[in-house]
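Chains as they are written, first to last, in the numbering used here: chain D, 973 to 1085; chain A, 707 to 818.
Just so you know, even glycine gets a beta-carbon here, dropped at the ideal spot from N, CA and C.
One structure below.
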């Protein structure tokens, strides 16, 4: 039973570029949440997708957008990258909107130069 | 913003000792969860305690919840070097459209 998978694991971008991160949820899960974790900090909620719609959003600018596909996989897009966007981006899946246990992927480490 | 705040920020103990970590939060919650993260890796769920529960056990883990004080503690008994990691408490506030919110974490070092 595959858990949550994320790609790529590491990437380096320059300021102003755009990035797309991908996530496949755990088998049987239909809800995907994205978190940003800066070094030495706790994960910060970006947004949550369910039934291909953004259901909740944290305090992140519109440069952060996402998508969920019919197979429940999800993408996180960040436009006009800033140095401060450097972080570990974590995808978490769950069965349904109510936040019981979240299953996390290993994350995508983004470095913006 | 972060709802939960863990205490202490860092903890260093000897293998075999017990480790106690605390979490305080600000608003009423539906549940509180503890997660573990090895350096630079994804988070792993440890235990969930609902607002109407006071104590829960899972293996060497014991979690308590005091909703009157808005606080929780995580006890790891008979610690092992492999328990070295960062530990986060996460709270789900009451109310519609609430989201699971994490604290800044506690760094636990268990010396062999």
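Chain A contact residues for residue i, given Cβ-Cβ distances below 7 Å
i	result
residue 1078/D	747, 748
Contacting residues, own chain, Cβ-Cβ under 8 Å from residue i (five flanking each side not counted)
i	result
residue 724/A	781, 782, 783, 784, 785
residue 1094/D	One cannot answer for residue 1094/D here, as it falls past the ends of chain D, which runs 973 to 1085.
residue 1009/D	1015, 1016, 1059, 1060, 1061, 1062, 1079
Same chain, Cβ closer than 6 Å to residue i, neighbours up to 5 away in sequence not counted
i	result
residue 1030/D	1017, 1018
residue 716/A	813
residue 1045/D	996
residue 808/A	794, 796
residue 761/A	770
residue 1020/D	1005, 1027, 1028
residue 731/A	709, 710, 776, 797
residue 792/A	743, 811, 813
residue 806/A	796, 798
Contact set between residue i and chain D, taken where Cβ atoms lie within less than 8 Å
i	result
residue 807/A	1017
residue 814/A	Those within 8 Å of residue 814/A in chain D number zero; the least Cβ separation is about 15 Å.
Burial state of residue i, where buried means 16 or more other Cβ atoms lie within 10 Å
i	result
residue 1064/D	buried
residue 775/A	exposed
residue 735/A	buried
residue 737/A	buried
residue 743/A	buried
residue 984/D	exposed
residue 1070/D	exposed
residue 707/A	Unreliable positioning characterises residue 707/A in this predicted model, as indicated by a pLDDT of 48, which lies under 50. A coordinate reading is not provided.
residue 1038/D	buried
residue 712/A	buried
Cβ shell of residue i (< 7 Å), same chain only, five flanking positions each side left out
i	result
residue 766/A	782, 783, 784
residue 1051/D	990, 1035
residue 754/A	737, 739
Sheet register partners of residue i (DSSP bridge)
i	result
residue 993/D	1048/D
residue 1031/D	Answer is none; residue 1031/D lacks a bridge partner.
residue 1038/D	1048/D
residue 985/D	1084/D
residue 1020/D	1005/D, 1028/D
residue 713/A	728/A
residue 797/A	738/A, 807/A
9 Å Cβ cut-off: residues of chain A touching residue i
i	result
residue 983/D	Near residue 983/D there are no residues of chain A at all, since even the closest Cβ is about 15 Å away, more than 9 Å.
Residue i: contacting residues in chain D (beta-carbon distance under 9 Å)
i	result
residue 810/A	1012, 1013, 1014
residue 780/A	In chain order: nothing, as chain D lies at least about 15 Å away.
residue 754/A	1072, 1073
7 Å Cβ cut-off: residues of chain D touching residue i
i	result
residue 738/A	Those within 7 Å of residue 738/A in chain D number zero; the least Cβ separation is about 11 Å.
Listed by chain order, chain A residues near residue i by CB distance under 8 Å
i	result
residue 1030/D	805
residue 1020/D	805
residue 1060/D	746
Residue i CB to nearest heavy atom of the ligand COA below 7 Å
i	result
residue 737/A	Among the components of this structure there are no ligands whatsoever, and the ligand COA is therefore not found.
Report task. Return the chain-ordered ranges of every beta strand (DSSP E) run that is complete within the stretch 748-780 of chain A and spans a minimum of 3 residues. Result -> Within the stretch 748-780 of chain A, the runs of beta strand (DSSP E) that reach at least 3 residues and sit entirely inside it are, in chain order, 749-756, 761-764, 767-772.
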